[in-house]
Amino acid sequence: MAGLRRLASATTIRQNLFYLIGIGGSGAGVLVAQSYGAHHLSPAANGESTSVVAVLNLLYTTSYVVAAGCAREVAAALAQGTAPESHWARLRGSGWRIGLSLGLAMVPVDVGLAILLHLPDPWILVVTVVAGPISALGGSQRGYLQGSRQFSKLAINFLLYGITMVVLAVILLNLGLGAAAVPLASVAGALGSAVYPRHQRVARASAPAHPGALVDGTVLAGAATAPIFNNIDVVAARHVLSPTNAGLYSGLSIMGKILFFGTSSLSAVMYPRVAAAADANARRRLLLQTGAVLVGIDLVVVVGYTALSRPLLGLVLGHRYESDSTLLLLFSLGIVGLTLVNMLVYYSMGARDRSFALVPAIGVPLLIAWLFTSPPHLADFVPRIASALLILGVLEALVVLPKALRARGALDR
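Residue numbers (our numbering): 27 to 439.
Listed below in structure tokens is the structure:
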């Protein structure tokens, strides 16, 4: 109870609310844009549009990875009494280098993607080349704001993405751009979040003699896990399912992932606090507090989907998607596993504990391969993604929790 009372402090609640407003508005923007597209495109064309957006979202994984590295560095600097503004020039420069490298790498990758996704008009994949640098710069912005705990500005950053995407998706769809409309709107939204906010120019912090990399293997493994699974399923569905079933699955995927985005604020607010925590006991308290709230929210959403899945799918995406209702509960249980993974990897990154990275480094590629070898039936594909996420959650808990929960006993002794 004492831990829950601390969690309910005004600052923590306010920061969670700001993050929820931001990520909720951003996610709502994506949902509205894709829902609008689903109502104005055929299921096959919607599946094509959604698969390209999924590729873009996989590229936006760069934003999460860069943000994780920036947030950890800024949080540690604040704990040592250093002004975060003095680190901005280095963070922005690192983001540029990572983003430009990714954009160049997408040129040959797009050729393979065009074949993998069976796209009738593969030229739309050109937007992925631009999306690389944009997503990395957006990650620098978001990580800086998260690490310095400026969650009100972080909310605005997220909202710029969602609002821009909705407005442009509606305009481009009505202009007749078809399956290309929503992907183009997505890139424009990412650009909006990459340029806000502007930062004051201050003296640059003196760099250590051997500065550590902003993004290392553990940051990559941790921050990339959830974004990859949030998007690779749609790409895999586009590859193994028929165009119509891939379009139907995309609706199920959008609805199920509301649970993930609705709980992501908990890990986002916990992360800079763990990075700046004075000792292992303080980190343990943060983990237990966050975990208790996460479990409660997961239960509420799963119960709600159990009772209301069919009308919700019909209301949000249209009556053609109501046939997915029997699979929504199963898919949501898999997303519960993903919310657990997200909390544990961000706790471990903040604590600079590298042991967690073994599970995503080995498990994620294996589970993705399992998706791409699924039978071409929706009833087979959904259990695969759900069980993959649950297995990943259980394995991550077995690796992280014993060490994290032993921390207090070691200190007490």
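Idealized CB from N, CA, C, for every residue including glycine.
All values derive from a computational prediction rather than experimental measurement.
Helix, strand or coil at residue i [DSSP, three-state]
i: THR399; result: coil
i: VAL192; result: helix
i: THR270; result: helix
i: HIS236; result: Residue confidence for HIS236 is low, a pLDDT of 39 falling below 50, so the modelled location carries little weight; the figure read from the coordinates is stated next. Here HIS236 sits in coil by DSSP.
i: HIS113; result: helix
i: LEU364; result: helix
i: THR154; result: helix
i: ALA303; result: coil
i: ARG224; result: coil
i: SER68; result: coil
Local Cβ density within 10 Å of residue i, reported as buried at 16 or more and exposed below that
i: GLY330; result: exposed
i: ASN368; result: buried
i: GLY352; result: Rather than Gly, the amino acid found at residue 352 in this sequence is Thr. Exposed: under 16 other Cβ atoms inside 10 Å.
i: VAL56; result: buried
i: VAL12; result: Outside the displayed span of the chain (27 to 439) sits residue 12, for which this structure offers no information.
i: ALA211; result: buried
Beta carbon of residue i nearer than 8 Å to that of residue j
i: ALA263; j: PHE407; result: yes
i: SER268; j: PRO402; result: yes
i: LEU85; j: LEU128; result: yes
i: CYS96; j: LEU117; result: yes
i: ILE254; j: GLY288; result: no
i: GLY48; j: ASN183; result: yes
i: VAL261; j: SER276; result: no
i: ALA70; j: GLY273; result: yes
i: ARG309; j: ALA303; result: yes
i: ALA301; j: TYR373; result: no
i: GLN167; j: SER219; result: yes
i: VAL452; j: LEU418; result: Residue 452 lies beyond the residue range present for the chain, which begins at 27 and ends at 439; the question has no answer from this structure.
i: THR316; j: LEU278; result: no
Between the CA atoms of residue j and residue i - distance to the nearest angstrom
i: VAL295; j: ASN42; result: 6 Å
i: THR76; j: GLY50; result: 19 Å
i: ILE197; j: TYR170; result: 32 Å
i: VAL420; j: GLY363; result: 7 Å
i: ALA233; j: TRP396; result: Per-residue confidence for ALA233 stands at a pLDDT of 48, beneath the threshold of 50, marking its modelled position as unreliable; the derived number appears in the next sentence. Rounded to the nearest angstrom, the two C-alpha atoms are 44 Å apart.
i: LEU194; j: GLY164; result: 19 Å
i: ILE411; j: PRO134; result: 28 Å
i: ALA216; j: TYR187; result: 5 Å
i: ILE39; j: ALA377; result: 22 Å
i: ALA59; j: VAL326; result: 26 Å
i: VAL92; j: GLY63; result: 30 Å
i: ALA94; j: ALA131; result: 22 Å
i: MET375; j: ALA109; result: 22 Å
i: LEU355; j: GLY73; result: 22 Å
i: HIS65; j: LEU359; result: 27 Å
i: ILE258; j: GLN176; result: 31 Å
i: GLY248; j: GLY204; result: 36 Å
i: ALA250; j: LEU180; result: 20 Å
i: LEU404; j: TYR45; result: 34 Å
Any non-hydrogen atom of the ligand NAP closer than 7 Å to residue i Cβ
i: ARG310; result: Among the components of this structure there are no ligands whatsoever, and the ligand NAP is therefore not found.
Neighbour flag for residue i against chain B, beta carbons, 8 Å
i: GLY248; result: No chain B is present in this structure, which holds just one protein chain.
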